[in-house]
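Number of protein chains: 4
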Amino acid sequence: MRVASRLLVVACLSLASGTLAAQGKPRARDLGIPFDGTPGRLNAITDVAGVEVGQVTLIAGDGPLVVGKGPVRTGVTVIHPRGRRSQDQVFAGYASLNPNAEMTGIQWVKESGFLAGPIALTNTLSVGLVRDAIIEWAIKQGWSDWLFALPVVGENWDSPLNDIDGFHVEKRNVFAALDGARGGAVAEGNVGAGTGIICHEFKCGIGTSSRVVDKAAGGFTVGVLVQANQGARERLNIAGVPVGLEITDLLPCYVTPPSGAGDSSCVKRNPQRPPGSGSIVVVIATDAPLLSHQLDRLALRAMLAVGRVGGLGENDSGDWAVAFSTANPGASVDTGFARITMLPNDRINPLFEATIQATEEAIVNAMVAAETMTGANGFRVYAVPHDRLVAAMKKYGRIK
Amino acid sequence: MRVASRLLVVACLSLASGTLAAQGKPRARDLGIPFDGTPGRLNAITDVAGVEVGQVTLIAGDGPLVVGKGPVRTGVTVIHPRGRRSQDQVFAGYASLNPNAEMTGIQWVKESGFLAGPIALTNTLSVGLVRDAIIEWAIKQGWSDWLFALPVVGENWDSPLNDIDGFHVEKRNVFAALDGARGGAVAEGNVGAGTGIICHEFKCGIGTSSRVVDKAAGGFTVGVLVQANQGARERLNIAGVPVGLEITDLLPCYVTPPSGAGDSSCVKRNPQRPPGSGSIVVVIATDAPLLSHQLDRLALRAMLAVGRVGGLGENDSGDWAVAFSTANPGASVDTGFARITMLPNDRINPLFEATIQATEEAIVNAMVAAETMTGANGFRVYAVPHDRLVAAMKKYGRIK
Amino acid sequence: MRVASRLLVVACLSLASGTLAAQGKPRARDLGIPFDGTPGRLNAITDVAGVEVGQVTLIAGDGPLVVGKGPVRTGVTVIHPRGRRSQDQVFAGYASLNPNAEMTGIQWVKESGFLAGPIALTNTLSVGLVRDAIIEWAIKQGWSDWLFALPVVGENWDSPLNDIDGFHVEKRNVFAALDGARGGAVAEGNVGAGTGIICHEFKCGIGTSSRVVDKAAGGFTVGVLVQANQGARERLNIAGVPVGLEITDLLPCYVTPPSGAGDSSCVKRNPQRPPGSGSIVVVIATDAPLLSHQLDRLALRAMLAVGRVGGLGENDSGDWAVAFSTANPGASVDTGFARITMLPNDRINPLFEATIQATEEAIVNAMVAAETMTGANGFRVYAVPHDRLVAAMKKYGRIK
Amino acid sequence: MRVASRLLVVACLSLASGTLAAQGKPRARDLGIPFDGTPGRLNAITDVAGVEVGQVTLIAGDGPLVVGKGPVRTGVTVIHPRGRRSQDQVFAGYASLNPNAEMTGIQWVKESGFLAGPIALTNTLSVGLVRDAIIEWAIKQGWSDWLFALPVVGENWDSPLNDIDGFHVEKRNVFAALDGARGGAVAEGNVGAGTGIICHEFKCGIGTSSRVVDKAAGGFTVGVLVQANQGARERLNIAGVPVGLEITDLLPCYVTPPSGAGDSSCVKRNPQRPPGSGSIVVVIATDAPLLSHQLDRLALRAMLAVGRVGGLGENDSGDWAVAFSTANPGASVDTGFARITMLPNDRINPLFEATIQATEEAIVNAMVAAETMTGANGFRVYAVPHDRLVAAMKKYGRIK
């Protein structure tokens, strides 16, 4: 068996419209989970005008792990702040709760105040390839390699579902994600860089959400996309409900041969994946005219959402947030002076709140959209059962 | 009327024993509010051996504000990491969610890894005096002013209850707090630096809590003391319950003449105190042998607790945490080499969790212990009504 | 003897015009020391339009140290970015090479991007009083205490010349410095916060310098003021010449009774003042339209100048720089949006170079302007002899 | 012509002994340039016991640039803190003057306090591949990919000498550098990651130096290795001598056909390589028992040396330093507690000074060792002429 011949590469282009209809499956708020604030039309990062998302999903093989052969459960997700054809930089900032994960390029974002090119997400061991591939892609577009030599690439550890040591992401996958990026609805769950990841010991992946702040607060949109791979089950908290204490079974385990949920043969947790290891990367887009130091502040608030859902910023967790503003086009172009617009600090609180709300919902969306997956060596990770999630909400008075 | 003649100075020495009995009033867990984790004997920062707390409460006058005359509602709280007689420095670190508040001395803590002398808390405008007074006190103890010239002093804004522009804290108050510090139970609510402060638009103040981690995790204690002055009502969240949406009345307001809760004449919020302004300082003590960079990490986790209770790190909020370890006595003494003990990073997660839990409970303790106060110009801030708090817990399934 | 009765308070208002003429003594470049770049008209921080400097010098008493009685050798220096009557905030940033010194208020500058009110410098133990006094002064001006509650105050340790433990700075001295500030030439050497300080084991103090960058680079001005108290003699380096190896005598020492330079009885260095302890604060003003994160960058470059003159950022040294831009008036005023101008990063190098050059010259100016001083307990610190400084320059080919 | 067939891969293993003899060419101090402090036996980073350096040099082709075909002038340099066979982590820290360059893995070093595995240096566009290759190599050694998944890789831009867009570094080159690393003398100049780089507009590359502090200061060794690609000619300063103002010719230029130095046809500077762009990475090793926060401090001092030689931390420059301590073996191994030794802060100044001195000498060593190189499109960069360097030293009284 050659993995390559069976490798299923799915380029997740934009979905046509809507969200529930488009994906054919419910999102967290479709289940009735109460979230605060008002989402945008798509309830996605792409509600911020110009933002495009491209994802490539790599799924191939089953059974025993043979390093380099698979099974493969990984992928790439890219976000173009101003769309895939724009070289125009954006003001950007970042924060980290516990940077036990790579985030290339971020120090120059901090120093310069600007992000050049896309943000990409992938698995931990493919960060280098994805980073180099973005540069190669930028060169091919005729963009100055000088400006795009420090791409921002974040990651999650997607072993043991994925043969991470096999380095299965290839440059062409990165190019496909970059070129395939579009606005519109964003696929969630087991897709792109979220293909093989786990949060709070349920199958997880890519999630997205957005908020539109009141007209009085400027009417700005904040969109969030997460690659969610963090958290221990017992600390899972959704809308204030201790879900992790209500659903204590369905833990990740090995099934040999593969068997159904709750199968008594599926009991062995992976010792190399202790609960609470894993990471989360949060990408925050806004059209509010924030400068870089203000975007650092937005990014830090995303970490509060990670905490609300039950994250600790565990020692093994790489908890990062990157935030950018699509306002102020052309600000990085040297024409002598840049004339820019800045939101006063006194008006930033609604954006802080929107960021926390959208990040929380994006994490739950990632979990709700993900589907049970069995990967390398029969390691199985269960999706959160929607009915039991709803039941927990009802028990604690959050759904009538 | 001269304020001085009526100034009530209360040096809150250690309470004899117990917590509920000692204070004669219930704490948050006495009401049945569920908190995770196991507290220490006193459920206080003083459960960490050697830690001493001293508080001086300044309450005087009523009626119209006359700057410099009162009314006075302020104070000082000091924490001696190794007791009031020890010059021995401790490893220390810090974090800030939104440093819109003074925290003197903290940059040298970060650079050197050590905290020398006590941590003090007071109101925003008295930081300078308190800082200088600590140095003067250290000199009087015969300690080297060279080493103790950068005291760590944090603050909260206690106007409009307090005549903050009147600079009512005096050096002798600071000396009294420093000298009066003791181990044992810690007074909570309207005391010391918590006298005139407000959280989530209820009367608030000083709160404390502690956690003891499992023996397998080292059996260490984490103690927390908060000066809690942050948050908007509508975001108040306790044990996952949206308390701020359940108790929407009893907002701070002006009563002239003073009248009872719910009095229809008490409707005007203070425009200079928008909801969500204010600050929180969290002081974290532990006996776990953590180095300074590990204590930075603990401090950052305290901010997750602020978020869980409903803080955003609002633009007007000064959200700081300082953490220290009482392990490794003598580490800062120059004897050629220091032989020190360090907890491996792989064992730090239980301390992260303990910090979040204790910070959350300390905030709620501050709120539960505080009592309704009327201050300058008849500004009144209500205590959270215990019965309605319990009712909200029951409604959302958190108290049976 | 009562110190107060003999206390000489000198409010150093602006000098009328010129620099050499005005001060009646040569500055470093008057001696022929070669510096790179083009200074502004005054070669002072006040070359940046709007900047005002006020200084109060406190000198009183002689002989044995009696804590609280003197001798007194200290003071206050304040810098108003937009003049003493303006509440308008400025974009600001900071850097530190070794923050073993207090710098109040700086974390909020970093977070918010803005500096409100003046920057003040004083001795280490008077930071608190100066900080509180600035707030009191702002309140008296009718400014909002809310906005001006986090003043930026830096410091240097001016013992053993000064009775630092005596806390001799009073609030009225701070008010005098604040109110007396003016544009124009700036007094250097033993004045204001520089009265009792020492650099590279010569008498030092306040120094200032400026640079105007080429018209092609925007023609901006960078002005620097230093409070220079850092460095060991053997590392003193001026214009690349190892001056500290050329002038190895004239070290600080005790004279009892006071005697002349080189007196053989003056040999005892102060054990509590090891060479290389002490600190330097650099204040950088520019009219270039830089945002806060760009001003952080300017501030860090000032530290390179400290290094060029021979500083190590020694463990006992508090090396700070604060930078602000007078461009973008009104940027912090909340009118919905701020329309601001930003210099592109690609044009920032000339400002980096100007900052380094002006900082280096300001340090040397402080040293050249200072005069030999004898303080508490007969501790004497010698001024660098101008003739020997020039001779060293000639020996190493820097003056023909 | 196929580049591959002509690719000269030079694995620079350790040189047998000595330094001048071993390399057959003079180093900076062999020319008589005065440096302060006492170097170790090899005057190299490998004077710190256990440190091993491996370098692979890639030189191939001449003439016109054909992206992907060459000419090739690049390479890889790796530093194993405890030798190539040790998985044992080291305490580590970092600093950056201007992080316009990639430095992967560094945020986790900061957070955790430890560096796992080697540090590698290469060209800007090959960082990703080198990073992934280190992980692959670690997996092959049987090391846990989990622990070694965040390698530290720094870089310099080696265009236009090198066909940087051609991505010529291959994983096997990285493996060769990792496996070929040894103690002993370290090749300098046009080798490894220094092959195609330029400093102060002279040919530059890898340089190294060391210092041994006095026995009274602990007798510790500080070793430095630089990849020096920074600086403009006019600011070049060596031992206080303005060398860049003395040697104003021999600027990088295009020669077609290749011609000798000073050839009048070689006048065109590369517009894509403005003076002062480029970067410097400084790697600092010590056997002093420093903790991570102390190593951050050492790293920052290296930046002072960059400044002394004439660097500004220009906007296009990526100025990084990484510091590690080989003391405290086993400190990162989880055995419940780590018993470690820490040098008191009060004893750190000699190490600060040693770091600055060794970094300065390492930069000059890189420049002195490098040889004139002609690369892609006939771009030529001249070596600094030793005789004129000596002449400048004499003119300014630094060599008799």
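Protein chains in written order, with the working numbering: chain U, 25 to 424; chain W, 25 to 424; chain E, 25 to 424; chain S, 25 to 424.
Note that CB positions come from ideal geometry on N, CA and C, so glycine has one too.
query	result
At which residues does the alpha helix (DSSP H) containing U/Ser136 begin and terminate?	Ile130 to Ser136
Alpha carbon to alpha carbon, what distance is there between E/Val267 and E/Glu482?	For chain E, the structure presents residues 25 to 424; residue 482 of chain E sits outside this window and is missing.
For W/Phe172, which option in W/Gly178, W/Trp132, W/Val210 and W/Val193 has the closest C-alpha, if you only look at C-alpha atoms?	W/Trp132
Is it right to say E/Asp358 is buried, meaning 16 or more other beta carbons lie within 10 angstroms of its own, or is it exposed?	exposed
Starting from the Cα of W/Asp156, find the closest Cα among E/Trp170, E/Ala144, E/Glu126 and E/Trp161 and give me that residue.	E/Glu126
Please state whether DSSP places S/His192 in a helix, a strand or coil.	coil
Below 8 angstroms, how does it come out for the region 311-325 of chain U and the region 255-275 of chain U: are there three or more Cβ pairs, yes or no?	no
Taking only beta-carbon positions, decide if S/Ala355 is within less than 8 angstroms of chain W.	yes
Note down, in chain order, every chain W residue with its Cβ under 9 angstroms from the Cβ of U/Ile380.	Gly331 and Leu336
Against chain W, with Cβ distances strictly below 8 angstroms, would U/Asp320 count as a contact?	no
Got a sec, what are the start and stop residues for the alpha helix (DSSP H) S/Gln318 sits in?	Ser316 to Val333
Cβ of W/Val176 less than 8 angstroms from any chain E Cβ?	no
Which residue from W/Asp370, W/Ile230 and W/Ile130 puts its Cα closest to that of W/Asn214?	W/Ile230
Would W/Tyr420 count as contacting chain U if we go by Cβ distances under 8 angstroms?	yes
For W/Lys227, does the count of other Cβ atoms within 10 angstroms reach 16, so buried, or fall short, so exposed?	buried
So what does S/Arg51 bridge to, in DSSP terms?	DSSP output for S/Arg51 lists no bridge partner at all.
Pull out every residue of the region 356-368 of chain S whose Cβ sits closer than 7 angstroms to any Cβ of chain E, in chain order.	none
For U/Asp370 and E/Val330, what's the separation of their Cα atoms in angstroms?	37 angstroms
If you follow the alpha helix (DSSP H) that S/Ala386 is part of, which residue opens it and which one closes it?	Asn373 to Ala393
Taking all protein chains shown into account, do 16 or more other C-beta atoms lie within 10 angstroms of the C-beta of E/Val408, making it buried, or fewer, making it exposed?	buried
Given this structure, state the Cα-to-Cα distance separating E/Ala45 from W/Gly166, to the nearest angstrom.	With a pLDDT of 43 at E/Ala45, under the threshold of 50, the modelled position of that residue is not reliable, and no figure is offered here.
Can you name the residues of chain U whose CB is closer than 9 angstroms to the CB of W/Leu324?	Leu121, Asn122, Met327 and Gly337
At 7 angstroms on the CB atoms, spell out the chain W contacts of S/Asp370, in chain order.	Asp358
Give a yes or no on whether the minimum CB-CB distance between U/Ala45 and chain E is below 8 angstroms.	Legend: pLDDT at U/Ala45 = 44, less than 50; position of this residue unreliable, value from coordinates given subsequently. It does not; no Cβ of chain E falls within 8 angstroms.
Measure the alpha-carbon distance for W/Ile304 versus W/Pro298 and round it to whole angstroms.	16 angstroms
According to the neighbour-count rule (16 or more other Cβ atoms, all chains shown, within 10 Å of its Cβ), is W/Asp429 buried or exposed?	Nothing about residue 429 of chain W can be read from this structure; chain W reaches only from 25 to 424.
Is there at least one Cβ from chain E nearer than 8 angstroms to W/Glu126's Cβ?	yes
Can you find a C-beta in chain B that's less than 8 angstroms from the C-beta of U/Leu315?	Among the chains of the structure shown, chain B does not appear; the protein chains present are U, W, E and S.
When burial is assigned at 16 or more other CB atoms within 10 Å of the CB, is W/Ala52 buried or exposed?	buried
Run through chain E and tell me which residues come within less than 7 angstroms of W/Glu135, C-beta to C-beta.	Asn122, Pro123 and Asn124
Sort W/Arg257, W/Asn253 and W/Arg235 by Cα distance to W/Pro184 and report the nearest one.	W/Asn253
Taking C-beta to C-beta, are S/Leu367 and S/Leu314 nearer than 8 angstroms?	yes
Would you report the Cα separation of S/Gln318 and S/Met391, rounded to the nearest angstrom?	29 angstroms
Any chance the region 230-249 of chain E sits against the region 384-403 of chain E, with 3 or more Cβ pairs inside 8 angstroms?	yes
Using the three-state DSSP reduction, which class does U/Asp343 fall into: helix, strand or coil?	strand
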